[in-house]
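Trainee:
In my numbering, the protein residues as written are 27 to 140.
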C-alpha cells in the first residue's frame, strides 16, 4: 500500500446511512502508521501483517488485516469500504493501488438448539 494507502476505512452495519466505524486511514487500519516510508520493514502479528514489500517501497506490497479480536456484529447487512487515496497513475504511472478482500462469517442455524 505504501503511498497508495491513507484511505479511510468505513463500516456500515445493518443499513446505516453514516458508518458506525469511520477510521483514520489504511496505514492505521493495517497497523503500520508512520512506518510506510523507506526503508520499509516486514512485520506480522496475530491480526495484521505486511508480508511483502521491497526495501525502497517500489514494487509489490502486500498487507493483511483480520477482524478476529475486534469483530463487527451485524444482524442483516454489513458493508466495508476503504477509500482509495490516489489515482492508479500516480508516481508517473508506476504505482497502481489494488485492494482485494475475502470475507468469512459464521451463522448458527436457528433450530440448532430448539
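Glycine is no exception: its CB is placed at the ideal position from the N, C-alpha and C atoms.
Report the residue from 71, 76 and 98 whose alpha carbon sits nearest the alpha carbon of residue 129.
Mentor: Among 71, 76 and 98, the Cα nearest to that of residue 129 belongs to 98.
Trainee: Are the beta-carbon atoms of residue 34 and residue 57 separated by less than 7 Å?
Mentor: no
Trainee: Among the candidates 74, 79 and 103, whose CA atom is the shortest distance from the CA of residue 91?
Mentor: 74
Trainee: Measuring alpha carbon to alpha carbon, tell me which residue in 41, 37, 43 and 137 is nearest residue 55.
Mentor: Scanning 41, 37, 43 and 137 for the CA closest to the CA of residue 55 turns up 37.
Trainee: Excluding the 5 residues preceding and the 5 following residue 134 in the sequence, name in chain order all residues of the same chain whose CB lies nearer than 7 Å to its CB.
Mentor: none
Trainee: Applying the 10 Å Cβ sphere with the 16-neighbour rule, what's the burial state of residue 76?
Mentor: buried
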